[in-house]
Every structure is written in C-alpha cells, then in structure tokens.
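The opening position of the sequence shown corresponds to residue 67 in this note's numbering, with each subsequent residue numbered one higher.
Read the structure below first, then the notes.
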Amino acid sequence: MLELVFLLLPVAAGYGYVMGRNSLRQAQRKQSKLLSRHYFKGLNFLLSDQPDKAVDSLIKMINLDNDTIETHIAMGNFFRHRGELDRAIRVHQNLIDRDEIDPEHKEQALKELGRDYMLAGFLERAEGAYLQLLESDKYYLDAQQQLFNIYQTTKEWGKAIELAERMMKCRSENEELCQRLSHFYCEKSALLIANQEIEAAESLLEKAVMIDDHAVRPWLMLGELAIKNQQYKQATEYLFEVPKRDAEWLSEVISSLEHCAEHIDDWSEYESKLDEHWHSCASAYLSKARLIASKESIEAASQYLADQLKSHPTMKGFDVLLSFYMEQHAGDDVAASLGNLHSLIENQLGQRPKYRCGNCGFSGKKVHWLCPSCKNWGVIKPIVGLDGE
Ligand SMILES: [Zn+2]
Numbered sequence: 067m068l069e070l071v072f073l074l075l076p077v078a079a080g081y082g083y084v085m086g087r088n089s090l091r092q093a094q095r096k097q098s099k100l101l102s103r104h105y106f107k108g109l110n111f112l113l114s115d116q117p118d119k120a121v122d123s124l125i126k127m128i129n130l131d132n133d134t135i136e137t138h139i140a141m142g143n144f145f146r147h148r149g150e151l152d153r154a155i156r157v158h159q160n161l162i163d164r165d166e167i168d169p170e171h172k173e174q175a176l177k178e179l180g181r182d183y184m185l186a187g188f189l190e191r192a193e194g195a196y197l198q199l200l201e202s203d204k205y206y207l208d209a210q211q212q213l214f215n216i217y218q219t220t221k222e223w224g225k226a227i228e229l230a231e232r233m234m235k236c237r238s239e240n241e242e243l244c245q246r247l248s249h250f251y252c253e254k255s256a257l258l259i260a261n262q263e264i265e266a267a268e269s270l271l272e273k274a275v276m277i278d279d280h281a282v283r284p285w286l287m288l289g290e291l292a293i294k295n296q297q298y299k300q301a302t303e304y305l306f307e308v309p310k311r312d313a314e315w316l317s318e319v320i321s322s323l324e325h326c327a328e329h330i331d332d333w334s335e336y337e338s339k340l341d342e343h344w345h346s347c348a349s350a351y352l353s354k355a356r357l358i359a360s361k362e363s364i365e366a367a368s369q370y371l372a373d374q375l376k377s378h379p380t381m382k383g384f385d386v387l388l389s390f391y392m393e394q395h396a397g398d399d400v401a402a403s404l405g406n407l408h409s410l411i412e413n414q415l416g417q418r419p420k421y422r423c424g425n426c427g428f429s430g431k432k433v434h435w436l437c438p439s440c441k442n443w444g445v446i447k448p449i450v451g452l453d454g455e
C-alpha cells in the first residue's frame, strides 16, 4: 500500500504543475483581455473624436502593463503636436506619478512633461521638471539648455548664474558655458548698476572677465562705469582691452577713447596704442582723419581719408570726406551742392542697421548681446563693409 502512495507521488506532482501553469495562463489571458479592452476602447474614443475619454481609458492601461509606457509617452507627444497641451500634460504627468514606472521611463516622461509646460507657457512648472532632470546622465544637457531658456525669458539672472556655476562644477566646463556665464554676470551687473550698487556690479564684471578670455562686454561695461565716475585713465585701460579680445569690436570703443583722451588732455597714448589699428575699421580711420585735421590741416585729412577709402570704402567714410570738402569750400556754390549730397547720405546712414548676427542674419541699430532671433549669446557684431565699418 505504501509503495502505491510513493508511485502516485510523481503523478500528483505532474498534475499540480499542469494545473499551476494553466492558472498562470488564465491570469495572463485575463490581464491581456482587460488590456485589449481598455486599448480598443481608447482607440475607439480617439477615432470617434472623443479624446478626453480616450485619455481616461488609455491611462487605465498603465496599471496593467509597464510595456505600454513607451506608447503612452508617444501618445502624450502626439497630443502635444496637435496643440492639445492639457491632454499631453495629463498623459505625461500620470506616468510620472506612477510608483511602478522605472527610473529611465520616468526621466523620459519628465523631459516630455517639461516640453509640454514650456509650450503651454507654464515656465515655473517646466523649471520644476527640468531641475529634477539635472541629475540625469541622459537628459541633463537638454534640461540645462531649457532652464537657461527659461531664465533668459524671465530675466532671472541670479538663477541663471547659479545653474551655470553648478554645471561647471559638477560637469566639465566648456567654452560655450563660459561665454554664457560671462554674459549672465554682465546682465546681473547691469541690473545692479541701475540700482546704484556699483561695487557689487564691478565684482561681477571682474568675474565675467575671468571666466571668458574673449569677452568684450565686461570690458565695455567697466569702461563705461569708469567714465561715469570720471576715472578717464582707468576707463582708457579697460577700453583698450576690447580690441585685444576681439578686433571686430574696436569700432565700438573709438568714440569713448576719444572722449577719455579729450578729458585727460593727452592724445599720445591714444595715438600710439591705435597706431597699428587705424586701417582696421571705418571708425578708426575717421578718428585718425579728425586728428590730422586738428593737428595739420583739413586738406591733409581729406587726402588721408581719400586714400583710406580707396582700399576700405564705407558710406560713413564718404560722408565725412564730403563734410571735409564742404569745409574747404565754405561759402561757395560747391559747398551748397555738397551739403545736399551730405544730408542725403546722412539720411540713408540713419536708416541702416549697425549690428548683425553672424549666425542668423538678424540686424538692428542696437547691440543685442543675446540675439532676439536665434537666441545665441555674443553672435551680434558691428556690420563690416560698405554699409558699416
Ligand atoms: Zn541670431
């Protein structure tokens, strides 16, 4: 009898195994059936143009199967592309709220949620989403860029500085980040100057100089501050740093340097330091022509300017040459005709832009350190050529 019991044991084990497998299959079939039901219900709602019901139905699927997460992220993106941002936010937010979702998918959903919020104009919420992504190895660059975009829009330069400094500490620093941080210091400094907090502004400008070797903006601002404080020698030193950093900005400092030389009443340093640069832009050779006119004669200045214009023609150069000729012919008929021509050119020059973006071609009469069109820092420079320098 006992032998019979032992003989039946494998049969009982086999029966148990088959029953267990069947019950697992049954559970899976039940789950799959439920999933399909929600899926087809959702699809049906979508097709019958009832997207809110579709969202509700499809969201229920997440409880059932983690494999559907990619589909849900894509569905949220689909709503965003259609401009239905509230639905996109619901889908992506629902994914993030789930405890069962794995960290990688959570980060992906967070990134998409950030984009939804950005497009919807909820910058504070987008900031919250992107701040969480700064720890992500995969998305930190995207998060950093979006956070900079937010702070640039809201002009929260303190936060922008904090983020850039943090990124430089924990991630490797790069030229683009250094240039950006330098501009953030300058922006914050401009606010402090407007608030009469000059010392704090100056210390930020010094930081801006240190962080970016090619930055001209902090030197220009330091020069302007020194001129305001009537420290003309100091201002001259600051302003001469500008062409050393970027020769294309020389034209921007000529009039301020002339102003300082006039106040110090010493043109020798100005002349000697610019000796190699007189021909590099219209503002420089016009300044030299004015110096020749005051030291020698208007005829000598006209001759110098005419020579410069042969190799480096500019409208502003021709305009000044006309004014020199008018001076030489003061009182006669030629002066009157030249006067008409002079005012026509002046009028044209007044309508021309002075600065252009080297990246997207945006042009304007004012310097924009952050291009309003392509949103890049330091890409707008004085226009070179017949119309400019
Ligand atoms: Zn641009």
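We treat Cβ as the ideally placed atom computed from N, Cα and C, and that holds for glycine.
- Message: I'd like the span of the alpha helix (DSSP H) that includes Arg422, first residue to last.
- Response: Unbroken run through Arg422 is the beta strand (DSSP E), 421 to 423; no alpha helix (DSSP H).
- Message: Suppose the cutoff is 7 angstroms on Cβ atoms and the five residues either side in sequence are ignored; what does the same chain contact list for Val445 look like?
- Response: Cys423, Gly424, Asn425, Cys437
- Message: Here's a check: name, in chain order, each residue in its chain whose Cβ is nearer than 8 angstroms to the Cβ of Gln300, leaving out the five neighbours to either side.
- Response: Ala292
- Message: Within 10 Å of its beta-carbon, does Val400 have 16 or more other beta-carbons around it, so buried, or fewer, so exposed?
- Response: exposed
- Message: Taking the alpha-carbon of Lys172 as reference, which of Tyr183, Leu185, His158 has the nearest alpha-carbon?
- Response: His158
- Item | Rounded separation between Gly247 and Trp223 - CA only | Looking at the sequence itself, residue 247 is Leu, so the reference to Gly does not match. Looking at the two C-alpha atoms, the distance is approximately 10 angstroms.
- Message: Which residue marks the beginning of the beta strand (DSSP E) containing Pro448, and which one marks its end?
- Response: 446 to 448
- Item | Tyr304: first and last residue of the uninterrupted alpha helix (DSSP H) it sits in | 298 to 311
- CB-CB under 6 angstroms to Leu271, same chain, minus the five flanking residues each way: which ones, in chain order? Ser255, Pro284, Met287, Leu288
- Message: Can you give me the C-alpha to C-alpha distance between Tyr206 and Gln297, rounded to a whole angstrom?
- Response: 45 angstroms
- Message: Only counting the same chain, and skipping five residues up and downstream in sequence, which positions put a Cβ closer than 6 angstroms to that of Leu258?
- Response: Ala266, Ala267
- Query: Mind checking whether the beta-carbon of Cys426 lies closer than 7 angstroms to any heavy atom of ligand 1?
  - Reply: yes
- Query: To which residues of the same chain is Val275 closer than 6 angstroms at the C-beta, ignoring the five residues directly before and after it?
  - Reply: Pro284
- Query: Is the beta carbon of Ile155 sitting closer than 8 angstroms to the one on Asp122?
  - Reply: no
- Task: Consider the C-beta atom of Ser322 and the heavy atoms of ligand 1; say whether any pair is separated by less than 7 angstroms.
- Result: no
- How many angstroms separate the CA atom of Ala209 from the CA atom of Ala195? 8 angstroms
- Identified DSSP bridge partners for Ser255: In the DSSP output, where bridge partners are listed per residue, Ser255 has none listed.
- Who are the Cβ neighbours of Thr220 in its own chain at under 7 angstroms, not counting the five residues just before and after it? Leu189
- When the distance is taken between beta carbons, is Glu324 closer than 8 angstroms to Ser353? yes
- Item | Residues near His395 by beta carbon distance below 6 angstroms, same chain, minus five either side | Ala401
- Query: What's the call for Arg153, buried or exposed, on a 16-neighbour Cβ count within 10 Å?
  - Reply: buried
- Message: Between Val400 and ligand 1, is there a pair consisting of the residue's CB and a ligand heavy atom that are separated by less than 7 angstroms?
- Response: no
- Message: Considering Cα atoms alone, identify which of Val282, Asp398, Asn295, Leu229 is closest to Ile502.
- Response: Any property of residue 502 remains undetermined from this structure, which presents the chain solely from 67 to 455.
- Terminal residues of the alpha helix (DSSP H) in which Val275 lies: 264 to 277
- Check the DSSP bridge columns for Ser429 and list the partner residues they point to. Arg422
- Query: Is it right to say Leu340 is buried, meaning 16 or more other beta carbons lie within 10 angstroms of its own, or is it exposed?
  - Reply: buried
- Message: Output needed for Leu371: all residues of its chain with C-beta closer than 6 angstroms, excluding positions within five of it in sequence on either side, in chain order.
- Response: Ala355, Leu387
- Message: Just checking Asn442 against ligand 3 - is the residue's beta carbon closer than 7 angstroms to any of the ligand's heavy atoms?
- Response: Of the ligands one can find in the structure shown, namely ligand 1, none is ligand 3.
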